[in-house]
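So the structure is just underneath, and the comments pick up after that.
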Amino acid sequence: MAGKIYRLSCRLIIGVFLATSYRTHYISELSAEMDGRQVVIAGWVHEVRNIGKIVFILLRDHTGIAQVMGKEGLSSDEVIRAMGMPKESVVMVRGKVRKNAQSRAGFEIIPSEIENLNPLESTIPFEVTGKVPADMDVRLDNRHIDLRRLETTSIFNIQSAILNSFRNTMTRNGFAEIRTPSLVEAATEGGADLFHVQYFENDAFLAQSPQLYKQLAVIGGMDRVFMVVPAFRAEKHNTVYHLNEVTQMDIEMGFADHNDAMDLLKKTATRIIEDVSQQNAADLERLGITLDTPKIKDITYKGAVGLLREEGQAIEFGQDLSREHEEKLCGLLGDLVLVREYPASVRAFYSMPNSDDPKVCNSYDLLYKGLEISSGAQRIHLPHVLIKSMKEHGLNPAKFDFYLNAFRQGAPPHAGWSLGLERLTMKLAGMPNIRECCMFPRDRVRLKP
Ligand code: ATP
Ligand code: MG
Numbered sequence: 285m286a287g288k289i290y291r292l293s294c295r296l297i298i299g300v301f302l303a304t305s306y307r308t309h310y311i312s313e314l315s316a317e318m319d320g321r322q323v324v325i326a327g328w329v330h331e332v333r334n335i336g337k338i339v340f341i342l343l344r345d346h347t348g349i350a351q352v353m354g355k356e357g358l359s360s361d362e363v364i365r366a367m368g369m370p371k372e373s374v375v376m377v378r379g380k381v382r383k384n385a386q387s388r389a390g391f392e393i394i395p396s397e398i399e400n401l402n403p404l405e406s407t408i409p410f411e412v413t414g415k416v417p418a419d420m421d422v423r424l425d426n427r428h429i430d431l432r433r434l435e436t437t438s439i440f441n442i443q444s445a446i447l448n449s450f451r452n453t454m455t456r457n458g459f460a461e462i463r464t465p466s467l468v469e470a471a472t473e474g475g476a477d478l479f480h481v482q483y484f485e486n487d488a489f490l491a492q493s494p495q496l497y498k499q500l501a502v503i504g505g506m507d508r509v510f511m512v513v514p515a516f517r518a519e520k521h522n523t524v525y526h527l528n529e530v531t532q533m534d535i536e537m538g539f540a541d542h543n544d545a546m547d548l549l550k551k552t553a554t555r556i557i558e559d560v561s562q563q564n565a566a567d568l569e570r571l572g573i574t575l576d577t578p579k580i581k582d583i584t585y586k587g588a589v590g591l592l593r594e595e596g597q598a599i600e601f602g603q604d605l606s607r608e609h610e611e612k613l614c615g616l617l618g619d620l621v622l623v624r625e626y627p628a629s630v631r632a633f634y635s636m637p638n639s640d641d642p643k644v645c646n647s648y649d650l651l652y653k654g655l656e657i658s659s660g661a662q663r664i665h666l667p668h669v670l671i672k673s674m675k676e677h678g679l680n681p682a683k684f685d686f687y688l689n690a691f692r693q694g695a696p697p698h699a700g701w702s703l704g705l706e707r708l709t710m711k712l713a714g715m716p717n718i719r720e721c722c723m724f725p726r727d728r729v730r731l732k733p
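Counting from 1 along the sequence shown, just add 284 to a position and that's the residue number in this note's numbering.
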């Protein structure tokens, strides 16, 4: 642990660092080679240490931790003040970099001034250093403090890189980013698990997915669209994989079928994993994760059921895969598994039936390290097939008027998918609970902060 807190992050800071009135450098930008340079750094007091005659502060910003000596340069008053400064005080330090082979980072800061920017008025609810581990609930209740732990920062650095990589991949492939509404009149997928809201004189719901809207954009001729959207699911489960508000990275493409969309999904997932392993090397190291980019293994649902049965799992054709099945499949086939052609009965009504085998549809899930991270399908673009499927799924076509009409007005064949941001973060960051990977998670009992 002690080794961990000293290690400096070398997070790639892309572009020019913008110095502010409070700092000239982030801690990760300092090095022994800067011996003698005057710098201003700012952050929080991670620790105050008093070893014999030497007093020093470990100063932390979101990029790392630096040793700020109190021995020289400072007046004794200032040293005493610095010593008396409680952990997590927010400070600015002016000083000089000094090469020091004894310090773990290879340098230390000799301060000429340490300013407490806002003296603490309240106690900190848990140890940011991790010396006394805090429960996840306590950390989530105080997320602004939890984010000061560099491990937590690393999770959200990884999440940021995922979003960036997704956006870059889509833009490079000619997709346009669009916005879709969160307030909707009717269930988008026909499910019952919706949050109801009062919308002036009317009833409304929070969107459980942008599905119908992204299809409308493609029918409208945008051809290739993507979005990063919140999706709200009023499912009452309490698992380590489910949130009630999630972030979906969605795409939809026109004049395309499931094979085209699956190819893009594989390319995107691989690219994201590669980007994170390159750009977040320090974050992954801090979290103790080694990432490699696995080859993607394709299997049909039918093949997966056969394989699971051979392994002694109780599953019949027509049943959805359970989490245990997903874990088993990844154990057998590898970290990234694409399962295709699920039975129509376990998929959303808009999934295109397979032309060779009407019992299955052109749908697929991508599993990563034993967990579903993405679902997709070729969509039904023919109105009469759509109406038939709605009825088979127990839905009333009359309630989907605005949606159905669009398919009568020149809807091209199209396909798409949705990738769950928090689940992907969870698997890349090696976190056991999805709540760690959502900055302010919403679950059945958590509605604040
Ligand atoms: P599951 O069966 O695992 O509950 P789902 O099949 O209902 O998920 P989809 O509708 O396929 O979910 O949503 C697309 C993606 O969004 C999922 O593959 C997953 O990555 C993510 N996702 C969906 N629902 C949740 C949720 N409640 N919590 C976290 N992520 C979710
Ligand atoms: Mg799914």
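Cβ atoms here follow ideal geometry from the backbone N, Cα and C, with glycine treated the same way.
#1: Quick one: residues in its chain with C-beta nearer than 8 Å to the C-beta of ASP319, no 5 flanking neighbours on either side, listed in chain order?
#2: In angstroms with no decimal places, state the Cα-to-Cα distance between GLU625 and CYS721.
#3: Let me know if GLU536 comes out buried or exposed under the rule of 16 or more other beta-carbons within 10 Å of its beta-carbon.
#4: So, for GLU529: in the same chain, excluding its five sequence neighbours on each side, which residues have a beta-carbon less than 6 Å away from its beta-carbon?
#5: For LEU655, is the classification buried or exposed, using 16 other Cβ atoms within 10 angstroms of its Cβ as the cut-off for buried?
#6: What are the partner residues of ASN400, as DSSP defines its beta bridges?
#7: VAL623: which of PHE684, VAL630, ILE599, GLY587 sits nearest, CA to CA?
#8: Is it true that the CB of VAL422 sits closer than 8 Å to the CB of MET254?
#9: Our contact map puts VAL375 next to ASN400 with C-beta atoms below 8 Å; I'd like the distance itself, whole angstroms only.
#10: With a threshold of 7 Å (Cβ to nearest heavy atom), would ARG534 be considered close to the ligand MG?
#11: Go ahead and pull the three-state DSSP assignment for SER312.
#12: Where does LEU679 sit, in a helix, a strand or coil, going by DSSP?
#13: Say yes only if the C-beta of ASP567 is nearer than 7 Å to one or more non-hydrogen atoms of the ligand MG, and no if none qualify.
#14: Could you please give the first and the last residue of the uninterrupted beta strand (DSSP E) stretch that includes GLU656?
#15: By alpha-carbon positions, which one of PRO395, ASP559, ALA389, LEU591 ends up nearest to GLU317?
#16: Since VAL644 contacts ALA632 with CB under 8 Å, what's their CB separation in whole angstroms?
#17: Quick one: what does DSSP say GLY327 is sitting in, helix, strand or coil?
#18: Identify the continuous alpha helix (DSSP H) that holds ASN448 and give its terminal residues.
#19: Let's test the definition: count the other Cβ atoms within 10 Å of the Cβ of GLY348 and tell me whether it reaches 16, buried, or not, exposed.
#20: Rank PRO642, GLY678, ASN689 by C-alpha distance to the C-alpha of HIS665 and give the top, closest one.
#21: Can you give me the C-alpha to C-alpha distance between ARG295 and ALA682, rounded to a whole angstrom?
#22: Run the Cβ filter for me: residues under 6 Å from any heavy atom of the ligand MG, listed in the order they occur in the chain.
#23: Spatial neighbours of HIS542 within its chain, please: C-beta separation below 8 Å, excluding the five flanking residues on both sides.
#24: Classify GLU706: buried if its beta carbon has 16 or more other beta carbons within 10 angstroms, exposed otherwise.
#25: Could you check where the alpha helix (DSSP H) with GLY538 kicks off and where it finishes?
#26: How many whole angstroms separate the CB atoms of LEU490 and LEU467, which I take to be in contact at a CB cut-off of 8 Å?
#27: Taking only heavy atoms of the ligand ATP into account, decide whether any of them is closer than 7 Å to the Cβ of HIS542.
#28: Leaving aside the five residues before and after ILE671 along the sequence, list all residues of the same chain whose C-beta is less than 6 Å from its C-beta, in chain order.
#29: In whole angstroms, give me the CA-to-CA distance for ILE556 and TYR497.
The short version:
#1: Answer for ASP319: VAL381, ARG382, LYS383, PHE391, listed in chain order.
#2: Answer to the nearest angstrom: the Cα atoms are 30 Å apart.
#3: Buried, since its Cβ has 16 or more Cβ neighbours within 10 Å.
#4: PRO514, PHE516, ARG726
#5: buried
#6: VAL375
#7: GLY587
#8: As displayed, the chain neither begins before 285 nor continues past 733, which places residue 254 out of reach and without an answer.
#9: Contact between VAL375 and ASN400 holds: their C-beta atoms lie close to 6 Å from each other, under 8 Å.
#10: Looking at the sequence shown, residue 534 is not Arg but Asp. Not under cutoff, so the answer is no.
#11: helix
#12: The three-state reading of DSSP puts LEU679 in coil, since its state is none of H, G, I, E or B.
#13: no
#14: Counted as a single uninterrupted DSSP element, the beta strand (DSSP E) harbouring GLU656 occupies residues 655-662.
#15: The shortest CA-to-CA distance from GLU317 to any of PRO395, ASP559, ALA389, LEU591 is the one to ALA389.
#16: About 14 Å; that fails the 8 Å criterion.
#17: strand
#18: 434-456
#19: With a 10 Å radius around the Cβ and a threshold of 16 neighbouring Cβ atoms, GLY348 comes out buried.
#20: ASN689
#21: Note that ARG295 scores a pLDDT of 42, beneath 50, so its modelled location is shaky and nothing firm can be said.
#22: ASP649, GLU656, SER659
#23: ARG624, MET636, ASN646, SER647, TYR648, GLY660, ALA661, GLN662, ALA699
#24: buried
#25: Where GLY538 is concerned, there is no enclosing alpha helix (DSSP H), although the beta strand (DSSP E) it sits in stretches over 529-538.
#26: 7 Å
#27: no
#28: PRO681
#29: 25 Å
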